[in-house]
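Numbering (this note's numbering), first residue to last: 1396 to 1649.
Only one structure is covered here, and it is reproduced in the block below.
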Amino acid sequence: MDLSLLNTEKLVRTERTAGLEDLSAEEILAWALDKFSPRIALACSFQAEGSVLIDMMHRTHRSKFRIFTLDTGRLNQETYDCMDAIRARYGVGVEVYFPDAIKVQEMVRGHGLNLFYKSVELRQLCCGTRKVEPLNRALKDLAAWITGLRREQALTRNAVKKIELDHEHGDIVKVNPLADWSYDQVWDYIRKNDVPYNRLYDQGYSSIGCAPCTRAVKRVEDQRAGRWWWENEESKECGLHFNLNGNVEGAEGD
Ligand code: SF4
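If you want it as structure tokens, here you go:
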């Protein structure tokens, strides 16, 4: 398809332009970077999908692309190591967003440091404070953001499109180039291209978030089974890609 015909207004009107789903991850990324730079950035939590997308963007745009990450204050050391490895390998900066210190203080004073184990509501309060509010700040001046969402990751993600409008964030464009990729495709790409990746995967993790809320899984479990493992499947999103009422936004990992 002729990508020059694709514009934001058309996306707003139709929400989906025929043929987009047939584009490769590289084609989607190249189109999005050319169209929206510098008001586009990859939201990266240093999972395998983020590593793949950074490598792809580096091939076509060298270091001229933006990455942001949310440092919740509860990440694993391996995640910081991965961030440093990516900075060194690709020569890119990472825009780090932290939660509001006063809000974190109030939350911890009121409910304790490990409030997330007490109830779904308190877990969502923590995700809201440490992730969602910083994400809103990160997206404030962007026209588009790129995520590593894949349909296969969870039931809550099986309707994700490669390009969609993000109604939760002012109808900016949300680009999910790996929407139709499998777990094996991600790892084939990483091995074939010797891409830096988060070493927690070597310890049996299949999805990576905050340290107290993520654990290694057995191979037979689904890919996000290690996230908030004490909760039911329906509540297992943090509000970054889906609102905390459980509604699928727009029709995305961290
Ligand atoms: Fe808090 Fe856990 Fe959510 Fe991280 S994943 S923000 S520690 S509840």
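C-beta atoms are modelled at their ideal positions from N, C-alpha and C, and glycine is treated no differently.
Closer than 8 Å: is that where the CB of residue i sits relative to any heavy atom of ligand 1?
{"i": "G1507", "result": "no"}
{"i": "W1623", "result": "yes"}
{"i": "G1604", "result": "yes"}
{"i": "F1441", "result": "no"}
{"i": "R1482", "result": "no"}
{"i": "A1526", "result": "The amino acid at residue 1526 is misidentified as Ala; the sequence shows Lys. It does: the Cβ of K1526 is within 8 Å (strictly closer) of some heavy atom of ligand 1."}
{"i": "G1493", "result": "According to the sequence provided, residue 1493 is Phe. The question's Gly does not apply to it. It does not: the Cβ of F1493 is nowhere closer than 8 Å to a heavy atom of ligand 1."}
{"i": "R1610", "result": "no"}
{"i": "T1467", "result": "yes"}
{"i": "F1460", "result": "no"}
{"i": "R1518", "result": "yes"}
{"i": "P1572", "result": "no"}
{"i": "F1463", "result": "no"}
{"i": "P1433", "result": "no"}
{"i": "P1379", "result": "A query on residue 1379 cannot be resolved here, the shown segment of the chain reaching from 1396 to 1649 and no further."}
Label residue i either buried or exposed according to how many other C-beta atoms from any shown protein chain fall within 10 Å of its C-beta, with 16 as the threshold for buried.
{"i": "E1501", "result": "exposed"}
{"i": "G1621", "result": "buried"}
{"i": "P1673", "result": "What the structure shows of the chain is the stretch from 1396 to 1649, and residue 1673 is not part of that stretch, so it cannot be assessed."}
{"i": "E1421", "result": "exposed"}
{"i": "A1483", "result": "exposed"}
{"i": "N1588", "result": "exposed"}
{"i": "Q1472", "result": "exposed"}
{"i": "W1623", "result": "buried"}
{"i": "W1576", "result": "buried"}
{"i": "C1633", "result": "buried"}
{"i": "L1508", "result": "exposed"}
{"i": "K1459", "result": "exposed"}
{"i": "S1440", "result": "buried"}
Pop quiz: residue i and residue j are said to be a contact at Cβ under 8 Å. What is the actual Cβ separation, rounded to whole angstroms?
{"i": "L1560", "j": "V1568", "result": "6 Å"}
{"i": "P1591", "j": "A1480", "result": "4 Å"}
{"i": "V1447", "j": "G1468", "result": "About 26 Å; that fails the 8 Å criterion."}
{"i": "T1464", "j": "I1603", "result": "Between I1603 and T1464 the Cβ distance is about 12 Å, and since that is not below 8 Å, they are no contact."}
{"i": "R1594", "j": "A1574", "result": "About 26 Å; that fails the 8 Å criterion."}
{"i": "G1543", "j": "G1445", "result": "5 Å"}
{"i": "R1619", "j": "A1549", "result": "5 Å"}
{"i": "A1425", "j": "I1585", "result": "With a Cβ gap of about 20 Å, A1425 and I1585 do not count as contacting."}
{"i": "L1534", "j": "H1562", "result": "At roughly 12 Å, the Cβ-Cβ gap does not stay under 8 Å, so L1534 and H1562 are not in contact."}
{"i": "Y1512", "j": "W1625", "result": "7 Å"}
{"i": "V1691", "j": "D1466", "result": "For residue 1691 there is no data in the structure shown, the boundaries of the chain being 1396 and 1649."}
Would you say the beta carbon of residue i comes nearer than 8 Å to a heavy atom of ligand 2?
{"i": "R1619", "result": "The model depicted lacks ligand 2 and carries ligand 1 instead."}
**Asked** Between the stretch 1546-1563 and the stretch 1449-1457, do at least 3 Cβ pairs fall closer than 8 Å?
**Response** no
**Prompt:** Is the stretch 1606-1615 touching the stretch 1486-1505 in the sense that three or more CB pairs, one from each, lie closer than 8 Å?
**Reply:** no
**Message:** If contact is defined by three or more beta carbon pairs under 8 Å, each pair taking one atom from either stretch, is the stretch 1531-1545 in contact with the stretch 1515-1523?
**Reply:** no
**Request:** Please specify which runs of the alpha helix (DSSP H), each continuous and at least 4 residues long, are wholly inside the stretch 1573-1642, giving them in chain order.
**Result:** 1578-1587
**Item:** Within the stretch 1487-1534, ranges of the alpha helix (DSSP H) (whole runs, at least 4 residues)
**Value:** 1496-1506, 1515-1522, 1528-1534
**Request:** Identify every run of the alpha helix (DSSP H) within the stretch 1430-1484, keeping only runs that are complete inside it and at least 4 residues long; order them along the chain.
**Result:** 1443-1456
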